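As you go down the protein sequences, you meet chains D, P and S in turn. Just remember that our numbering sits 137 ahead of the position in the first sequence, which is counted from 1. Just remember that our numbering sits 1378 ahead of the position in the second sequence, which is counted from 1. Just remember that our numbering sits 29 ahead of the position in the third sequence, which is counted from 1. Quick reminder that beta carbons are idealized off the backbone N, C-alpha and C, glycines included. Please read these numbers as outputs of a predicted model, since none were measured by experiment. These notes concern the structure reproduced below.
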Amino acid sequence: MFRDRLAKFSQMFRLWQWLIFFIAALFSIPALSVFSALFESQNAIWDHIKQTVLSDYLANSFILVVGVGVGTLLLGVSTAWLTSLCRFPAKRVFSWMLLLPMAMPAYVIAYTYTGLLDFAGPVQSYLRAVMGWGYGDYWFPEVRSIGGAITMLSLVLYPYVYLMARAAFIEQSICVLEVSRTLGCSPWQSFRRVAVPLARPAIVAGLSLVLMETLADYGTVSYFGISVFTTGIFRTWFGMGDEVAAAKLAAMLLTFIFTLVVLERVSRAKAQYHHTSTKYSQLPEYRLSKGRAVLAMLVCAIPVVLGFVLPATILGVWTVETYASMVDKHFFVLAWNSFSLAAIAAIISVFVALILAYGKRLFPSSMIKVAVRVSGMGYAIPGTVVAVGVMVPFAWLDNTLDSYARANWGFSTGLILSGTAIALIFAYVVRFLAVSLQAIESGLGKIKHSMDDAARSLGCSPAQSLYRVHIPLMKGSVLTALLIVFVDIMKELPATLILRPFNFNTLAVRAFELASDERLADASSAALMIVVTGLVPVLMLSYSITFSRAGANS
Amino acid sequence: MKPLKLENISVKFDQKPVINDVSLSLQSGKIGCFLGPSGCGKTTLLRVVAGFQRPDAGIVMLGGEVLSSSTRVVQPEHRNIGMVFQDFALFPHLTVAENIKFGLRGWSKRDAQRRVDELLDLVGLSSLARSYSHQLSGGQQQRIALARALAPKPDLLLMDEPFSSMDTELREQLAREVRSILIEESMSAIIVTHDQFEAFAMADDICVLHEGRVQQQANGYSLYHEPANPFVANFIGDGVILDGQVLSHNEVKTELGFIYGEIAPNLPVGCPVQVLVRPDDVVHDDDAPDHALVVNKAFRGSEFLYTLQMPSGVRVLCLAPSHHNHAVGSKIGVRLEVDHLVVFPQH
Amino acid sequence: MQNKWVCALVSAVVLLSGSAAAWATENEVNVYSARKEQLIKPLLDKFTQQTGIKTNLITAKADKLLTRLRSEGRNSPADVFITTDAGRLYRAKDADLLQPLKSDVLDNVIPQHLRDKDGYWVGLSQRARVIFYVKDRVSPDVLSTYEDLADPKWSKRICIRGSGNIYNQSLVASMIAEHGEEKTLAWTKSLVKNMARPPQGGDRDQIMAAAAGQCDIAVANTYYYGMMLSGSDAAQKEAANKMGLFWPNQEGRGAHVNVSGAGIAKHAPNKDNALKLIEFLASKDSQSWYAEANIEYPVRGDAEVSQQLKSWGPFKADHLNLSVLGTNNMKAVMLMDQAGWK
């Protein structure tokens, strides 16, 4: 009897490890099917790219990444610090409103600002009419520029940094901050020398999501006509029909991201960033003087207004203008499609992330760590590349099965997975797993290992203790993961376009089709609906982070 | 209750041995203790027993069943061994009662509730059933952690530095309480500690560990009075070790004079040895012929602990009733009165 | 609790996948369309009404539909492949994804230069790429040909969108067909020098920018101009009103035209219905709808066109066989890269 028990358990352990390797293998198929092209021989198009446009792609991608990195850090960390540790009027309101831009897809904000600030847009036209200027008489920032793209992306992506940094600030043990004060640091110095360095892993986690999102962005950069890696990949692949050269570009893009991650790891070296104490008390709040309070409000208001209020208002105005012709019963079908797809994929993504992150906790071997990293790689790959990487192997599988069936059983199985929502959901999960993984891993990291041991010694298997102890303990992180992935999928475009089944539309597809047909006003109702649907989880998220804090009563 | 047996256990971390060929056993119904300075491997050994750590060699047996060997490990959740953690590890999302009930899966609702009530009663915290762990004091958390570990009626209870986060007074009180609770539940237990007084207060059987090896397994009295080697002699209680020479089968010569007592037969006459002198072996006596210089003194309420320097320069400790108050720098008379002669061969 | 979740997930996935499983059994036709839903769905609905044949639609960029078609292979559900340019139809034929259309109806109504020479696809609407000028600042007399856009007199005066756009690629491809690569490269380089700003935005944006004074002439497709004039956006209407339409190369080969067109997928499960649909799209009524709804030029001369199209007058179109746009496309892209056309 004892032998049976033993066999069963080592089996289960092995099963879990194999599951992780299986997921890693499955999730790397899209990337691999694209990168397999790399091993094909050199070609003329690659030489052509190297000679003509590659330096542009490199330079622009680099500027974009650095710019968005700096922009999101400035916006995200400063607002996180202000709303977590300072006291000024309307602080509570700001603390959740600062998340709103998350619901705004980057391509939508790009459309609205272009409509507003373009040379032919209302602002410049008004200036010209009032001042009597003509073209060339005055300087006005060009929206469709790399600076514009940096601004747009920073405005919608900073909430990732804000979210993580704020959570880290709030969880910092008060002792550390007080110690720094007794050692003679001013509040500003203790921010700079203690709080930020302590929050660094969280800030970097947020930042790495931002940078991956930036490098994978296609909608904004292509609309602004900026040549970066993603636009280059599209142009080479689809414009020149050359998969090999496109794969080379995509591989360079991944190397770029990989380098960033390694650089951060190296610079962090062996410094420890664990919470230094388990004692928490109500955080101290720096009471700001009147002038400073106004400044703080301004700092918090700028990203909210520019990243959400203004573009949402413009969308609202356009929607009112075009409402009658654009919103009908089909419109609500679109909204339902978007919502249900995003919900299902978000749940699956969190489920997979739990298996991986908890597995990594159970078996912290380097093989497992690598496998988990690989599984989350899809986030750095542009959506279209993931989509094609899903489509091709799925179709191959279907066709192979079909050939076998025809040869051996005399009938055709047709396409079983291709062109179904399963392929689409798989692509979403591949694409956004990194996001849920990030949230779940940071949630798990905060649970002391003695909790695992305690549960085990009380008769729970690892899976049972995940369900009975870990998930309840980190329900905030699980919720965060669910919500962020949900919002991301609501906004997702390229994979949806290419993989969806017949007669299946989503809000993002509708908005994009109209906008790319240069019908911005007509696109606004769908875009606004994305924003509104995305708003619900964002508000839930802000509620949950405001009211979940270590040491606070549950 | 089942007896515990460890045979030739070894554990390595990164090729470095942490536990080195440890064998020991604990009778059922007894309270055992792993005692040693930090880094001696006592917590690792406890985790081997609990099943969290797989031994690189050796066997763990409980009641004749092999729990761990180098090739197979019964998972912790199937050992029926309870554990109280150093940080208590109470589940913060559950109430006190829910924490205690956690391990009672498979029990009927009524039985489980009865067991929870019984344990709350046992640890005297019935009124806190609905509280959450962060609302409890350290001592209360400790008792709940104990109740939770006891609830499923384990075959063995492990406690890892259970009182390390308490202040001294609470520590002693809790140690007594816990011991009586364990005895009431007739529970076999092992506690891990670096504090010998805690070990003396709790354990029937103490296993002193150093550098991954068992130095001695015995009860508190024997450890103090019959230490097996100089490490145990130094680690348990105060005292100094003096050089000496065997004069006969029951006589040793030291700088402080001749000491009488039984000497192991493997130490022949004339052999240079080390002799343990406890503070209570050195008696302050104004009439004694030998005098020593007071180098340091520590007030301990009813007693002073003097550090004395003998004319030869050797220092010893001396316990004296606190009405014998002598200034540092003065000379006082001392003589030896050794009840238990402890002699180790010189290396 | 856990099990309930798993059950819900599994059943949801099964439901979602089931919806796509049953094709080729009903009386239906499956369409892969690069024309956007808004610009094809109404016609499909009308087709269903008339024939009772159900239509299923996916829309996406032509290249991605091509990739999908190719990877699905012989099991692809696609019957009809619709694109908005000839280059992609050529590419589909080249990749062996289409089959010949055998239809006397189509042969009769669609002019030969708007059909594939081997009968693999037909054009269904024409889209002309022309020059627009600011009426206040430019006299149409100084405009002449596409070749003339390279003239130094247009230095910093031209608005045109990026080189990633297929219409620009096709325009350059037609230049290569006419003049060869070397001369076209020189032309492209000069054109880039003449641009008033780095290429950005879409065709409407070029017209808007010119009207607002950023440049003097803009290159765009005619239907964008038409939509601006007839659309609901007041600012766009005002801008378009400031602009004049100029048909280039009327003395020579004619204005550059591309087509939106369709072919039948090689492994079409509903081949007959597919042919019926394409014939329907080429019918007189449908052709008028194209002209009405999207202000494109019909491919058949007898279709009724809107007042607006009539007002732009008749023009001479380049009769270059459109397959050439496909063969020259890659050369065009590389050449634009070399010339620094962003």
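Amino acids of chain D, ordered along the chain, whose beta-carbon sits closer than 9 Å to that of residue i
i      : result
R120/S : G378
A311/S : What A311/S touches in chain D: nothing, since even the nearest Cβ is about 23 Å away.
Contact set between residue i and chain D, taken where Cβ atoms lie within less than 8 Å
i       : result
M1461/P : D590, A591 and S594
P1433/P : Correct list: empty, because the minimum Cβ distance to chain D is about 15 Å.
Chain-ordered neighbours of residue i on chain D, where CB pairs are closer than 7 Å
i       : result
R1483/P : G596
F1430/P : D590
R387/S  : Here chain S comprises residues numbered 30 to 371, so residue 387/S is not present and cannot be evaluated.
E1455/P : R593, G596, C597 and S598
P1530/P : L595 and G596
Which of helix, strand or coil DSSP assigns to residue i
i       : result
R1483/P : coil
Y326/S  : strand
V446/D  : helix
D165/S  : coil
R1713/P : strand
S198/D  : helix
V365/D  : coil
A544/D  : helix
Nearest candidate by alpha-carbon position, reference residue i, set the options
i       : options                               : result
F1613/P : Y1602/P, L1620/P, G1622/P and L1536/P : Y1602/P
D145/S  : R158/S, A157/S, Y162/S and A121/S     : A121/S
S1700/P : K1675/P, H1718/P, D1717/P and V1716/P : K1675/P
R498/D  : S215/D, Y295/D, I584/D and S165/D     : I584/D
A339/D  : M677/D, G213/D and A247/D             : G213/D
Q1464/P : T251/D, E655/D, S587/D and D659/D     : S587/D
K182/S  : K212/S, I246/S, F309/S and S154/S     : I246/S
S291/D  : P238/D, L630/D, A438/D and T367/D     : P238/D
M627/D  : F395/D, L195/D, W473/D and V358/D     : W473/D
T80/S   : S335/S, E308/S and R329/S             : E308/S
E321/S  : K305/S, K339/S, L304/S and L306/S     : K339/S
Cβ-based neighbour list, residue i, same chain, cut-off 7 Å, excluding 5 preceding and 5 following
i       : result
A542/D  : F548, S549 and T550
S1388/P : P1395, I1397, N1398, D1399, P1433, D1434, A1435 and G1436
I195/S  : D114 and G116
R1425/P : Q1431
N642/D  : L471 and N474
G1417/P : none
M234/D  : V441
Proximal residues to residue i (C-beta, below 8 Å), its chain only, five neighbours per side dropped
i       : result
S1403/P : P1381, L1382, K1383 and L1384
E267/S  : A240
Interface partners of residue i on chain P, CB under 7 Å
i      : result
P609/D : H1471
S587/D : F1463, D1465 and A1467
V606/D : F1469
Beta-carbon neighbours of residue i, restricted to chain S and to distances below 7 Å
i      : result
H529/D : Per the sequence shown, residue 529/D should be read as Val rather than His. S100, listed in chain order.
Neighbourhood of residue i by C-beta, 6 Å cutoff - its chain only, sequence neighbours within 5 removed
i       : result
A408/D  : With a pLDDT of 49 at A408/D, under the threshold of 50, the modelled position of this residue cannot be trusted; read the value that follows with caution. If we look at A408/D and ignore the five residues flanking it on each side, it has no Cβ neighbours.
R282/S  : D347
S1708/P : V1672
A51/S   : Residue placement at A51/S is poorly supported in this model, since its pLDDT is 41, which falls under 50; the coordinates still yield a value, given next. Once the five neighbours on either side are set aside, A51/S has no close Cβ partner at all.
Integer-rounded CB distance, given that residue j should sit under 8 Å from residue i
i       : j       : result
R1678/P : L1686/P : Not a contact, Cβ separation roughly 16 Å.
L348/D  : G515/D  : About 15 Å separates the two Cβ atoms, so there is no contact after all.
A483/D  : F623/D  : 4 Å
L1500/P : I1559/P : 6 Å
A564/D  : L636/D  : 6 Å
S602/D  : A592/D  : 4 Å
Proximal chain S residues relative to residue i, where beta-carbon distance stays under 8 Å
i      : result
E650/D : K65, E66, Q67 and T88
F361/D : Q229
N536/D : E101, G102, R103 and N104
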